[in-house]
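Working notes, beginning with the structure itself.
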Amino acid sequence: MDERYGAELSSNTADTVITANAKEVIFEDEEVKGKWKSADRMSSFGDFIALSGKCDELTARIISREVSDGIVAPDYEDAALNILAKKKSGNYIILKIDAQYLPSECEERTIFGLRLKQKRNNARVRPDMFTNIVSKSDRITKSALDDLIVATIAVKYTQSNSVCFAHRGQVIGMGAGHQSRIHCTRLAGEKAASWWMRQHERVLNLPWNPTVKRAERSNAIDVMVSGVLGTEISESHWSQHFVEPVEPFTSEERKKWLTSLTDVVVSSDASFPYRDNIDCASQYGVKYVASPGGSPRDQEIIEACDEYGMTLIHTGLKLFHH
Numbered sequence: 122m123d124e125r126y127g128a129e130l131s132s133n134t135a136d137t138v139i140t141a142n143a144k145e146v147i148f149e150d151e152e153v154k155g156k157w158k159s160a161d162r163m164s165s166f167g168d169f170i171a172l173s174g175k176c177d178e179l180t181a182r183i184i185s186r187e188v189s190d191g192i193v194a195p196d197y198e199d200a201a202l203n204i205l206a207k208k209k210s211g212n213y214i215i216l217k218i219d220a221q222y223l224p225s226e227c228e229e230r231t232i233f234g235l236r237l238k239q240k241r242n243n244a245r246v247r248p249d250m251f252t253n254i255v256s257k258s259d260r261i262t263k264s265a266l267d268d269l270i271v272a273t274i275a276v277k278y279t280q281s282n283s284v285c286f287a288h289r290g291q292v293i294g295m296g297a298g299h300q301s302r303i304h305c306t307r308l309a310g311e312k313a314a315s316w317w318m319r320q321h322e323r324v325l326n327l328p329w330n331p332t333v334k335r336a337e338r339s340n341a342i343d344v345m346v347s348g349v350l351g352t353e354i355s356e357s358h359w360s361q362h363f364v365e366p367v368e369p370f371t372s373e374e375r376k377k378w379l380t381s382l383t384d385v386v387v388s389s390d391a392s393f394p395y396r397d398n399i400d401c402a403s404q405y406g407v408k409y410v411a412s413p414g415g416s417p418r419d420q421e422i423i424e425a426c427d428e429y430g431m432t433l434i435h436t437g438l439k440l441f442h443h
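In my numbering, the protein residues as written are 122 to 443.
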């Protein structure tokens, strides 16, 4: 979690994060911390948390109730350490890192006796990277610029190929590690859709069985918003999560709610090879697109963005990470 970027944590988002009582005292930098889990609650099960600043008591309280294997941060408040030390029956991994440390300019790897060496990717993602607008639409709001920075930082450190959707100062969908970019875009888009569906009033007011644990609630919500009831979970098992009958979203309900998702940004660690990525992104409220550019089909991508009224920025910086 990087505290430098983030937007106000709405009451709906706070409920989606399932921060419960903690949401009542979330403000300023804490808003970023409150969004940590909401980006992808399914994939963040049993994660290792990295903080850019000191871990304070509120952050530790939020983390203490989540399934996590460890944390690394530049420093910790005493109260935060006391809370985290009790996690996982005292076996929670707590690491302190030197915030001033700079790695070597070169990276080396040995693969089957072959030694590879290259310059480390030390490029800084800055606002001036997003000035080369190549689409007819040249509109970029301050919030969109912040989201573009967030999404581009995310793809820099994510396994290639990678495509990231961001909105309201946070990642809302990440597609990574696929051999084709369109599969990254599809996955990131569906994760973004699930993020938005979790903020529907039906999800926020589910009649939970009080015995259902927090992680189980996340799984049940994913079933509800993804439409996989009967395939990935039986209806009888599903019904045990609630004290009264709950129906998953219909395709019509899902489509209607997703039309209210707008001004989403998408960033790619390399150029989009075909316009199908833009066609796909358009289904998830994307209005801003960032990619390095330099593809033989750049003009095709530009024309696709123009058709959807998207703002396309060529950053000139490839961010492959393997």
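Don't be surprised by glycine CBs; every beta carbon is placed ideally from N, CA and C.
Values in this document were obtained by computation on a predicted structure and should not be read as measured data.
**Q.** the region 423-434 touching the region 251-266, judged by at least three CB pairs closer than 8 Å
**A.** yes
Q) Is it true that the CB of tyrosine 409 sits closer than 8 Å to the CB of leucine 269? A) yes
(Q) What ranges does the beta strand (DSSP E) occupy inside the region 287-367, keeping only unbroken runs of at least 3 residues that lie completely in it? (A) 291-297
Q: Give the range of the beta strand (DSSP E) segment to which aspartate 190 is assigned.
A: 189-194
**Q.** First through last residue of the alpha helix (DSSP H) which encompasses aspartate 99
**A.** The structure shown has nothing for residue 99, since the chain only spans 122 to 443.
Q. Since cysteine 176 is in the beta strand (DSSP E), which residue starts that stretch and which ends it?
A. Where cysteine 176 is concerned, there is no enclosing beta strand (DSSP E), given that its DSSP letter is neither H nor E.
Q: Keeping to the same chain, check which residues put their C-beta closer than 7 Å to that of asparagine 330; ignore five residues upstream and five downstream.
A: Gln361, His362, Phe363 and Val364
Q. So, is lysine 277 buried or exposed, given that buried needs 16 or more other C-beta atoms within 10 angstroms?
A. buried
Q) Taking contact to mean at least 3 C-beta pairs separated by less than 8 Å, is the region 299-315 in contact with the region 391-408? A) yes
Q | Neighbourhood of leucine 237 by C-beta distance below 6 Å, restricted to the same chain and skipping five residues each side | A | Arg230
Q. By Cβ distance, which residues of its chain are closer than 8 Å to asparagine 243, with the 5 residues on each side in sequence left out?
A. Glu226
Q: State the Cα-Cα distance for the pair serine 185 and leucine 205, rounded to the nearest angstrom.
A: 6 Å
(Q) Restricting to Cα atoms, I'd like to know which of Asp267, Gly298, Gln280 and Ala309 is closest to arginine 289. (A) Asp267
(Q) Just to confirm before moving on: does the CB-CB distance between valine 292 and valine 271 stay below 8 Å? (A) yes
Q. For aspartate 168, which residues of its own chain have a beta-carbon under 6 Å away from its beta-carbon, when the five flanking residues on both sides are left out?
A. Ser189
Q: Please determine, among Gly296, Trp317, Tyr222 and Asp259, the residue with the shortest C-alpha to C-alpha distance to aspartate 427.
A: Asp259
(Q) Here's the rule I'm using: 16 or more other beta-carbon atoms within 10 Å means buried, otherwise exposed. How should threonine 306 be labelled? (A) buried
Q. Is the distance from the Cβ of valine 407 to the Cβ of valine 284 below 8 Å?
A. no
Q. Nearest to proline 369 by CA position, among Gln221, Glu322 and Ile170, is which residue?
A. Glu322
Q: Give the single residue among Lys217, Ser339 and Ala313 whose Cα lies nearest to the Cα of arginine 375.
A: Ala313
Q: Starting from valine 386, trace the beta strand (DSSP E) both ways and give me its first and last residue.
A: 385-389
Q. Run through DSSP, which three-state label would phenylalanine 251 get?
A. helix
Q) Would DSSP call isoleucine 434 helix, strand or coil? A) strand
Q. If you draw a straight line from the alpha carbon of alanine 194 to that of alanine 275, how long is it in whole angstroms?
A. 18 Å
**Q.** Backbone secondary structure at alanine 445 - three-state DSSP
**A.** Outside the shown range of the chain (122 to 443) lies residue 445, about which nothing can therefore be said.
Q) Does alanine 336 get closer than 8 Å to chain C when you measure Cβ to Cβ? A) Within the model displayed, chain C is absent; a lone protein chain is all it includes.
Q: Throw me the rounded Cβ distance for the tyrosine 405 and leucine 438 pair, which I believe falls under 8 Å.
A: With a Cβ gap of about 24 Å, tyrosine 405 and leucine 438 do not count as contacting.
Q) Under 8 Å between the Cβ atoms of serine 392 and glycine 414? A) yes
Q | Beta-carbon proximity check, glycine 310 vs glycine 294, cutoff 8 Å | A | yes
Q: Pull up the distance between the alpha-carbon of serine 164 and that of glutamate 421, whole angstroms please.
A: 34 Å
Q) Quick one, are the C-beta atoms of valine 385 and leucine 327 less than 8 Å apart? A) no
Q | Proximity of aspartate 199 and lysine 217 at Cβ, strictly below 8 Å | A | no
(Q) Just list the residues that DSSP pairs serine 283 with in beta bridges. (A) Ala297
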